[in-house]
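Every letter in the sequence shown is one number past the one before it in our numbering, and letter 34, counting from 1, is 603. Cβ atoms here follow ideal geometry from the backbone N, Cα and C, with glycine treated the same way. Accompanying notes for the structure given below.
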Amino acid sequence: MGNNPLVSIITPSFNQAQYLEETILSVLNQSYKNLEYIIIDGASTDGSVEIIKKYENKVVAWISEKDQGQTDAINKGFALAKGEIIGWLNSDDTFLPDMIEEAVQFFEDHPEMGLVYGAANYIAGSGKVIGKFPAAQTSLEKLKQGYVHIPQQAALFRKSL
Numbered sequence: 570m571g572n573n574p575l576v577s578i579i580t581p582s583f584n585q586a587q588y589l590e591e592t593i594l595s596v597l598n599q600s601y602k603n604l605e606y607i608i609i610d611g612a613s614t615d616g617s618v619e620i621i622k623k624y625e626n627k628v629v630a631w632i633s634e635k636d637q638g639q640t641d642a643i644n645k646g647f648a649l650a651k652g653e654i655i656g657w658l659n660s661d662d663t664f665l666p667d668m669i670e671e672a673v674q675f676f677e678d679h680p681e682m683g684l685v686y687g688a689a690n691y692i693a694g695s696g697k698v699i700g701k702f703p704a705a706q707t708s709l710e711k712l713k714q715g716y717v718h719i720p721q722q723a724a725l726f727r728k729s730l
């Protein structure tokens, strides 16, 4: 992985207009700039498409079509992603402004790492932080036992994985 690797972020969405713009802006306003943003919408009927169109010149790709649900949408996005590092951000979550930059720096400092994650905030519908999701070191053995302390919304991984 070279310096300043391309990062691909995918947002799967379906009828999340009330949160979608804040999610989009949290990606587009990242301090890390070498990123491609892909939005996969499941044919929303709530105004989501109009919100996406507002930012279509800043996203690499967007699709709005009926799909088989969130996993299908994420996989469509992964298929389009060209980044060395990828992740997804659900349409009712947000990134903190330096999240991607800090993760990329960690990947650069630790080339043996395939997955980077940190703590995440629980946010009410109003946007107010109401708690923390504490990330914790895990292992394959712990994962098999149900010990999952990886907040997906604060995780990025190498596409090669």
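Take Ala693, set aside five residues on each side of it, and the residues of its chain with a beta-carbon closer than 8 Å to its own are Ile699, in chain order. Ser695 sits exposed, since fewer than 16 C-beta atoms from the chains shown fall within 10 Å of its C-beta. By a beta-carbon distance limit of 8 Å, Asp678 does not contact Ser600. Their separation comes to about 17 Å.
Counting the other Cβ atoms within 10 Å of the Cβ of Gln722 gives 16 or more, which makes it buried.
Restricting attention to Leu589, Ala724, Leu575 and Asn598, the CA atom closest to the CA of Lys622 is found in Leu589. When Cβ pairs closer than 8 Å are counted between the two stretches, the region 604-612 is seen to touch the region 570-586, the count reaching three or more.
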